[in-house]
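*Asks:*
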Amino acid sequence: MYLSMLRLVVLAALFNLPASVATPQTVKPVTVGYLSLLPSIPPIFTEALHERGYEEGRNVRIEFRSAKGSKEALPKLAAELVSLKPDVLIGGTTPAASALKQETDSIPIVFFFVSDPVATGLVKSFDHPGGNVTGVSVADEYWTVKTLELVKETLPGICCLTILRNQSNQAAPFLTAIYEKTAKSLGIELKMMDAGNPSQLNEVLAIPLEGRFKTALLVTPESIFVAGRTQIVDYMQRQHLPLFAPYRADAVAGALMSFGASYDGHFRAMVDYVDKILKGAKPADLPVQQPTAFDLVLNLKVAKAFGVQIPQTVLARATDLIE
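Counting from 318, one number per residue, gives the positions in the sequence shown under the working numbering.
1. If distances are taken between C-alpha atoms only, which option among L615, P600, P608 comes closest to R565?
2. Taking only three categories from DSSP, how would you classify T532?
3. Using 8 Å for Cβ pairs, my map puts P559 next to F623. What's the rounded Cβ distance?
4. May I have the straight-line CA-CA distance separating A456 from D589, to the nearest angstrom?
5. Nearest-angstrom Cα distance between G474 and V625?
6. Going by the beta-carbon positions, is the gap between R382 and L398 smaller than 7 Å?
7. What's the C-alpha gap between I424 and Y496?
8. For the segment 437-501, which segments carrying the beta strand (DSSP E) assignment without a break, of at least 3 residues, lie completely within its bounds, in sequence order?
9. Reducing DSSP to helix, strand and coil, say where T636 ends up.
10. Can you say whether E368 is buried or exposed, counting buried as having 16 or more other CB atoms within 10 angstroms of its CB?
11. Classify V427 as helix, strand or coil using the three-state DSSP reduction.
12. Are the Cβ atoms of I627 and T471 separated by less than 7 Å?
13. Whose C-alpha, out of E527, L354, K501, is nearest the C-alpha of M510?
14. For L603, which option in I361, T532, N449 has the closest C-alpha, if you only look at C-alpha atoms?
15. On a CA-only basis, which of Q607, A568, K599, I594 is nearest H583? Give me that one, please.
16. Please state the DSSP three-state secondary structure of A365.
17. Using a 10 Å radius around the Cβ and a threshold of 16 neighbouring Cβ atoms, would you call R482 buried or exposed?
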């Protein structure tokens, strides 16, 4: 190694070049700050980074901070990440993205799994975000309506449905109004089961569904419910009742059905924006993305175990069957 460096210095002298030009320079890796309510980074994130040429320890450093389901911890963690002056920040879900925005108006922020970035003040509009924030939103209104329609089509005789939601989500009132309007048109009575943090989730999952609502449970797309997936599946299996959820991993874990935008696709779209920003793009020039493709996954093993006969009209639209 010493001889190689010596040769470079000699060559620099022979060709009248500065030694710094001939000496290999250490390239500082870009830094990505990632704030989440989840306890860890999903593997798809690092996989998507790798697909775009980023490798942790070589050309990218990831500073991850988890609030572990507690929204109250987000502001302090956001301030900590901003103080590191990363090249780009990532906010998983509305609370994390909002906490980051409160701390900086200069470092680029990319959000994902956000219900309505305009209503929550993250961006000025979908087409022209403005400022230092952009990202990938979720089509919550479409998902809400279509999911309830699928529940009714799959269980034609259902009269009542319990919905597990995060009442502290800023979009909760808007989405609840859509649930109620759609359910009324389908002749379904709704009951809300509220949990805004892991402790509350433990509490509600200790109480079995009863009476008219001992029928089925619909889980909304929330970080705390992703983290509590196993708990929720176990809760419904103990009661031998069908579970409807938003992500393929839910169906794999034991939900009867999952319907929603591709989880992996959502992460890849977010990482694509991170990559663009690291290469010089400005968040203000990157329109907020919304999903255009949705996956319908059916767990036929669960259907058989619970005695649910899934209609052919639903089976025909499935993008994946778990047998």
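We put the beta carbon where it would ideally sit given N, CA and C, even for glycine.
In this text the structure is predicted, and so the values were computed from the model without any measurement.
*Replies:* Well, looking at it:
1. Numbered from 1 along the sequence shown, position 248 holds the residue referred to as residue 565. Measuring from the Cα of R565, the nearest candidate turns out to be L615.
2. Along the sequence shown, one-based indexing puts residue 532 at 215. In this structure, T532 counts as coil in the three-state DSSP scheme.
3. Here residue 559 refers to the residue found at position 242 of the sequence shown. Here residue 623 refers to the residue found at position 306 of the sequence shown. Between F623 and P559 the Cβ distance is about 6 Å, and since that is below 8 Å, they are a contact.
4. Within the sequence shown, the letter at position 139 stands for residue 456. Within the sequence shown, the letter at position 272 stands for residue 589. For A456 and D589, the distance between alpha carbons rounds to 19 Å.
5. Looking up residue 474 in the sequence shown gives position 157. Looking up residue 625 in the sequence shown gives position 308. Distance between the alpha carbons of G474 and V625: 11 Å.
6. Locating residue 382 in the sequence shown gives position 65, where the first residue counts as 1. Locating residue 398 in the sequence shown gives position 81, where the first residue counts as 1. For R382 and L398, yes; Cβs fall inside 7 Å.
7. In the sequence shown, counting from the first residue as 1, residue 424 sits at position 107. In the sequence shown, counting from the first residue as 1, residue 496 sits at position 179. Using only the alpha carbons, I get a separation of about 37 Å.
8. 450-454, 477-482
9. As a working note, residue 636 is residue 319 in the sequence shown. Coil.
10. For the purposes of this step, residue 368 is taken as the residue at position 51 of the sequence shown. Looking at its Cβ environment, which holds fewer than 16 other Cβ atoms inside 10 Å, E368 is exposed.
11. Against the sequence shown, residue 427 aligns to sequence position 110. Correct three-state label for V427: strand.
12. In the sequence shown, the residue the question calls residue 627 occupies position 310. In the sequence shown, the residue the question calls residue 471 occupies position 154. Yes, Cβ-Cβ distance for I627 and T471 is below 7 Å.
13. In the sequence shown, counting from the first residue as 1, residue 510 sits at position 193. With distances taken between Cα atoms, M510 lies closest to E527.
14. Residue mapping note: residue 603 aligns to position 286 of the sequence shown, counting from 1. When each option's Cα is compared against that of L603, the closest is N449.
15. Along the sequence shown, one-based indexing puts residue 583 at 266. The shortest C-alpha separation from H583 is found at Q607.
16. Position 48 of the sequence shown, counting from 1, holds the residue named residue 365. Of the three classes helix, strand and coil, the one that applies to A365 here is helix, per DSSP.
17. By one-based count along the sequence shown, residue 482 stands at place 165. Burial call: buried.
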